[in-house]
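Heads up: the sequence shown is residues 2 to 285, going by this note's numbering.
Backbone N, C-alpha and C fix where the C-beta goes; we use that ideal spot for every residue, glycine too.
Fair warning: this is a prediction, and the values are worked out from it, not measured in the lab.
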Amino acid sequence: PQSKTFVIERVEDFLKNAKYPEHCIHCEGVDERIENPRHHPSYEFGTGCNLRCIFCYSEIAKRRGIEIREGYYGEMNPKAITISQFGEPFYYGAERLLSVIRTLRDIFGDVRIDIQTNGVLLDERVCREADIMMISLDAGSKENYRRICGKDAFERVLRNIDISSKLTYTSVRTILIPGVNDFEIGKIAEISKSADELFLQPISLYREQKNLIRLIDIERTESLWEYLETASMLSEITEVRIPGCLLVNLRRFEKECGVENLRFLRRDVFGELPKIEREWKFVL
């Protein structure tokens, strides 16, 4: 077993040296001067998806009758645009996605385009056009992938991570779910070594997710220390990044209270459904 001192020092070193995820560059969340930061501007297609992941907030939005209007949300001088916060962009077809990317560049010029995808329907042409591909991988085995995502597509996603990694900046995006995928997190880190980074995020829960709540270890999920321990451990395997807005706040806490007191920091795991804070402007 590793000593408490060793673990604390490893977490401290991780917090000191961790870089922001590439996706978080230009995000308001890493600018401490902004009191109420918003997510990047985004282009949304809708909540359609080819998977049924047990933690998905798009599913909750649909259950609550929340409609996501297709179109561009944000100011008219963006540095980065995310496609998309809701739904699976490839679900709407690679040709449609390529058309949107190219038209956004026609409108905004040299804007960074970040694609959030589950990786199942990946198309190489989109990888060549996008600046960042964020591919979700929340399991380290076929069996657990099917359990979490509702479909047998594990091997295909692994192949597509490798393909994307050869064509553009690729981030493997993993939600840490204690009691559901923590026992495979090392395997996920090994898989992500072909990519540019492993973007490790803590899970947020919603009251409607009764099946997931029965599976998950709530107490461990509340612990930011366990999350940081996991991130720092995985950083010995691959390039690990955590959300930039979270990293900013953890560093501020550490500076004021000391790294050891992070062990007592807990978070409310039951979140509010993400909202598109920016104004709808147009549809392509």
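query: Buried or exposed: where does Trp226 fall if 16 or more other Cβ atoms within 10 Å of its Cβ makes it buried?; result: buried
query: Can you have a look at Leu274 and say buried or exposed, based on whether 16 or more other CB atoms are within 10 angstroms of its CB?; result: exposed
query: What does DSSP give as the partner residue(s) for Gly72 in the beta ladder?; result: Glu45
query: Given that a residue counts as buried once 16 or more other Cβ atoms are within 10 Å of its Cβ, and exposed if not, what is Gly120?; result: buried
query: Tell whether a beta-carbon distance below 8 Å holds between Met135 and Phe200.; result: yes
query: Tell me whether Ser137 sits in a helix, a strand or coil according to DSSP, three-state version.; result: strand
query: Which residue comes first and which comes last in the beta strand (DSSP E) that contains Glu278?; result: No beta strand (DSSP E) holds Glu278; DSSP gives it neither H nor E.
query: With distances taken Cα to Cα, identify the nearest neighbour of Leu247 among Gly110, Cys150, Lys5, Tyr228.; result: Tyr228
query: Could you give the first and the last residue of the continuous beta strand (DSSP E) run that contains Arg174?; result: 170-177
query: How many Å lie between Glu289 and Gly30 at the Cα?; result: In the structure as shown, the chain begins at 2 and stops at 285. Residue 289 is therefore absent and cannot be evaluated.
query: How would you write the range of the alpha helix (DSSP H) that Thr239 sits in, first residue to last?; result: Where Thr239 is concerned, there is no enclosing alpha helix (DSSP H), given that its DSSP letter is neither H nor E.
query: Is the distance from the Cβ of Tyr21 to the Cβ of Pro42 below 8 Å?; result: no
query: Within a Cβ cutoff of 6 Å, which residues of the same chain sit near Ser166, ignoring the five residues on either side of it in sequence?; result: Ser195, Ala196
query: Using a Cβ-Cβ distance under 8 Å, would Leu247 count as near chain C?; result: No chain C is part of this structure, which consists of one protein chain only.
query: Count the other CB atoms, across all protein chains shown, that sit within 10 Å of the CB of Ser4; report buried if there are 16 or more and exposed otherwise.; result: exposed
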